[in-house]
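Each residue of the sequence shown is one higher than the one before, starting from 3 at the first, in my numbering.
First up is the structure itself, then whatever we jot down about it.
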Amino acid sequence: MSGWRPEGESYRSPDYATEYHAENTAGQSPAVNAGGDLIDRTDDWYRQTRHDQQALWYPDIPADEAPEARAIRRAAYAEAVEATSYLPPISAGFLDPVSLQHLIPPRRGQVQGPGTRPDEVGVSVESKAPAAAKTSVSRASRVMAMGTMASRVTGMIRGSLLVAALGTASLSDSFTVGNNLPNIVYGIVIGGAVNAIFVPQLVRAMKDDDDAGQAFINRLLTMTIVVVGAITALAVALAPQLVTLYAPSAHGTDRQVTIMFARYCLPQIFFYGLSVMLGQILNAKDSYGPIMWTPVLANVVQIAAIGSYLWVVGSVSNTTATITGGEELLVGVGSTLGIVLQALTLVPYLRGVGVSFRPRFDWRGTGLGRSVTLAKWTLATVAVTTVVGWAVTAMATSMGNKPRFSQAGVGYAAYSNALTLWIMPQSVVTVSIITALLPRMSRFAQAGDKRAVGDSISYGLRSTGILIVPASFALLAFGQQIVSFLFGHGNVTPTQSHNLGYMLMAFSLGLIPYSAFFVMLRGFYAYEDTKTPFILALWIGIANAALAYLSYLLLGNTQWAVAGMCAAYSISYLIGLIVTATRLHTLVGSFDGRRVTRVHVKLCVAAGLAAAISGPVGIAITDLRGAGTIGALSGLAAGGPIFAVVFFAAARKLRVRELDSALGAVRARLAH
Numbered sequence: 003m004s005g006w007r008p009e010g011e012s013y014r015s016p017d018y019a020t021e022y023h024a025e026n027t028a029g030q031s032p033a034v035n036a037g038g039d040l041i042d043r044t045d046d047w048y049r050q051t052r053h054d055q056q057a058l059w060y061p062d063i064p065a066d067e068a069p070e071a072r073a074i075r076r077a078a079y080a081e082a083v084e085a086t087s088y089l090p091p092i093s094a095g096f097l098d099p100v101s102l103q104h105l106i107p108p109r110r111g112q113v114q115g116p117g118t119r120p121d122e123v124g125v126s127v128e129s130k131a132p133a134a135a136k137t138s139v140s141r142a143s144r145v146m147a148m149g150t151m152a153s154r155v156t157g158m159i160r161g162s163l164l165v166a167a168l169g170t171a172s173l174s175d176s177f178t179v180g181n182n183l184p185n186i187v188y189g190i191v192i193g194g195a196v197n198a199i200f201v202p203q204l205v206r207a208m209k210d211d212d213d214a215g216q217a218f219i220n221r222l223l224t225m226t227i228v229v230v231g232a233i234t235a236l237a238v239a240l241a242p243q244l245v246t247l248y249a250p251s252a253h254g255t256d257r258q259v260t261i262m263f264a265r266y267c268l269p270q271i272f273f274y275g276l277s278v279m280l281g282q283i284l285n286a287k288d289s290y291g292p293i294m295w296t297p298v299l300a301n302v303v304q305i306a307a308i309g310s311y312l313w314v315v316g317s318v319s320n321t322t323a324t325i326t327g328g329e330e331l332l333v334g335v336g337s338t339l340g341i342v343l344q345a346l347t348l349v350p351y352l353r354g355v356g357v358s359f360r361p362r363f364d365w366r367g368t369g370l371g372r373s374v375t376l377a378k379w380t381l382a383t384v385a386v387t388t389v390v391g392w393a394v395t396a397m398a399t400s401m402g403n404k405p406r407f408s409q410a411g412v413g414y415a416a417y418s419n420a421l422t423l424w425i426m427p428q429s430v431v432t433v434s435i436i437t438a439l440l441p442r443m444s445r446f447a448q449a450g451d452k453r454a455v456g457d458s459i460s461y462g463l464r465s466t467g468i469l470i471v472p473a474s475f476a477l478l479a480f481g482q483q484i485v486s487f488l489f490g491h492g493n494v495t496p497t498q499s500h501n502l503g504y505m506l507m508a509f510s511l512g513l514i515p516y517s518a519f520f521v522m523l524r525g526f527y528a529y530e531d532t533k534t535p536f537i538l539a540l541w542i543g544i545a546n547a548a549l550a551y552l553s554y555l556l557l558g559n560t561q562w563a564v565a566g567m568c569a570a571y572s573i574s575y576l577i578g579l580i581v582t583a584t585r586l587h588t589l590v591g592s593f594d595g596r597r598v599t600r601v602h603v604k605l606c607v608a609a610g611l612a613a614a615i616s617g618p619v620g621i622a623i624t625d626l627r628g629a630g631t632i633g634a635l636s637g638l639a640a641g642g643p644i645f646a647v648v649f650f651a652a653a654r655k656l657r658v659r660e661l662d663s664a665l666g667a668v669r670a671r672l673a674h
């Protein structure tokens, strides 16, 4: 079946991107619009075609109600894009910030999100359409957009202050390991299970149960409190052993300080689990605002704690040997307090959506056992990612704990900060576009239309490439200036800033295969194939661990070992991309591989030329103005516009039609 294409027009029409981007996006967040407008445009095309397509996409909705259904589905899409944004990023040394999102496959039938009809998420069209009109989908989107943006801005401020307070040397390594241990334990024991097991059960119970899922919600919250509480208590008791596992090279004061930070931070496990469960319940009840804004509260509390620490220590540059117990308490408990408030602030909203919690311990017969079986490959993928993350973390921490490098900023904290910066374009661009395409791909897979699935993948690869490719080369050209501007102040020395910048540059070009892998992986999930993603994760994990270990062996006596581990991460995804493309071609046939490759080669040539010309300009201006924030900002201000002009000129000369379409959309938007 290929009837989804409008009559007389190919899906691959170069005008598609222009039409898609030119949609009215007022009041919406970029992430929501990137996929939401795609949904709207595809619906407009669809309604012009045969009547049998109406039966496929809206089997229970008359044609004249399609716009109303669209509004409901767009709200569901907004939920899918933004639902996980409130979680603090899981340290990429263990699980990268988006790993849990791209590991969770869609499900056919009654699941939550844009892959289902409105009545399949526990909301009937007849009962909820008037409510949707009253509450205004656009208003809800604006609330989510503002909350998401505020969370990202305050999160960046928090990260910048933390580096200024602790630097990127051994003290920062100790806090990073201790503060990330809750994320590790959460990711291993709970994180994969939440989306893969509990959410589908929750949505099914809300739709099918006579009490609209109230009993199941009570059981789920009771189980969360009891089980996660027990896991948290055990983790706190085993803090020294966990530190030994993830920082085996830490000794003396380094080890003692890491253990104290771990004990202060490990209680976050309980509140992470509670926050996620409460957030998913509110999502399922169509209450999106609270979970968009509570992370802002967490960030503000943590900013206050870090600011208090800076006020207490003044200009003193602490180390693990000089930091006091009170200062450890201030930073560690302040971090945990933010997560506590993030979770507890959601509690009052439960009653507002009609949930009255009463503990229930009758957990048998809930069907969770079958869901665990179905999700085994997803959970196995999380396990592989975690094991590889442990290996890299141990090696990076070992480098930071070597006496000759203890103040050089070449340990795990620097690795983690570099990867957090590197992943941002992926989180903003690729996730939003592919979240919109995935429900379509799932429907095409069900209908046996492999060509449409391949076309969707092709569009996803090309549309993300026009932003991801220049972003990756910009990180390569201006990595030093970006790091110096964001982190080059406080207790960060020029040497530490430079080493962190080199790590970001080593990561930079890996963003291209990483993003493409992310897109291609959706092809397997469209067919509900979770085993192949596990095999691919295994390939990537083995390559990453092996190359990182090789870097540790060959460069362990230099400051470049961790930068080599960053490059190993990028190379491992290039290897994974090759394997993924081969397997995907076997599954769906053609996905325009030659065309996609041609577009990416042209984009790389244009972006590479731009980086080669603008990079030296940025370096020269930075050197002229001197090291520090002002010099870095001057370098970015001088080199950035040159990069943009050269890239766009070269791309147009190379006839990258996707970029021309995007520019046309911008011009059309400005004309209005």
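Using N, Cα and C, we set each Cβ at its ideal position, and we do this for glycine too.
With at least 16 other beta carbons inside 10 angstroms of its own, ILE435 counts as buried. Under the 10 Å beta carbon count, LYS604 is surrounded by 16 or more other beta carbons and is classified as buried.
As summarised for the region 191–251, the continuous alpha helix (DSSP H) elements at least 4 residues long and confined to that stretch are 201–210, 216–225, 231–239, 241–248, given in chain order.
Two segments are said to touch when three or more pairs of C-beta atoms, one from each, lie closer than 8 Å; by this definition the region 578–596 touches the region 525–532. Approximately 5 Å separates the beta-carbon atoms of ALA382 and PHE536; this is inside 8 Å, confirming the contact. Excluding sequence positions up to five before and after GLY617, its CB lies within less than 6 Å of the CB of ALA479, all in the same chain and listed in chain order. Cβ contact annotation for VAL390 (same chain, cutoff 7 Å, sequence separation greater than five): GLY543, ASN546, ALA547, in chain order. Distances from the CA of SER458 to each of GLY620, TYR248, PRO643, GLY595 were compared; the closest alpha carbon is that of GLY595. If you look at ARG596, you'll find it in the alpha helix (DSSP H) that goes 595–627.
Our two residues, ALA639 and LEU502, have alpha carbons roughly 21 Å apart in a direct line. HIS253 is classed as exposed because its beta carbon has fewer than 16 other beta carbons within 10 Å across all chains shown.
Around the CB of ASP213, fewer than 16 other CB atoms lie within 10 Å, so the residue is classed as exposed. Closest by C-alpha distance to VAL303, out of SER153, ILE271, ASP451, GLY215, is SER153. In the DSSP assignment, GLU329 falls within the alpha helix (DSSP H) that extends over 327–346. With distances taken between CA atoms, SER460 lies nearest to HIS587 out of THR560, HIS587, TRP365, PRO496. For ARG360, the secondary structure class from DSSP, reduced to helix, strand or coil, is coil. Taken atom to atom, the span from the alpha-carbon of LEU611 to that of MET208 is near 55 Å. Around the beta carbon of VAL179, a 10 Å sphere encloses 16 or more other beta carbons of the protein chains shown; the residue is thus reported as buried.
Contact check for PHE475 and ALA609: beta-carbon distance about 4 Å, within the 8 Å limit, so the pair qualifies. With respect to THR234, ILE271 sits close: the two C-beta atoms are nearer than 7 Å. The continuous alpha helix (DSSP H) containing ASN301 extends over residues 291–315. One alpha carbon belongs to VAL648, the other to TYR351, and they sit about 51 Å apart.
Residue range 452–489 is occupied by the alpha helix (DSSP H) that includes SER474. Taken through DSSP and simplified to helix, strand or coil, THR560 comes out as coil. 7 Å or more divides the Cβ of ILE484 from the Cβ of SER517. Taken through DSSP and simplified to helix, strand or coil, HIS253 comes out as coil. Counting the other Cβ atoms within 10 Å of the Cβ of THR422 gives 16 or more, which makes it buried. Around the beta-carbon of ILE632, fewer than 16 other beta-carbon atoms lie within 10 Å, marking it exposed. When rounded, the separation of the alpha-carbon atoms in SER636 and ALA614 is 18 Å.
Burial state of VAL205 is buried, judged by a 10 Å Cβ sphere holding 16 or more other Cβ atoms. Annotation: ALA385 to THR255 spans about 31 Å, alpha carbon to alpha carbon.
In the displayed model, ARG353 falls within a helix according to three-state DSSP. It is roughly 37 Å from the alpha-carbon of THR387 to the alpha-carbon of GLY620. Judged by beta-carbon spacing, ILE468 lies within the 7 Å limit of GLU660, meaning their Cβ atoms are closer than that value. At the C-beta level, ILE261 and PRO242 come within 7 Å of one another.
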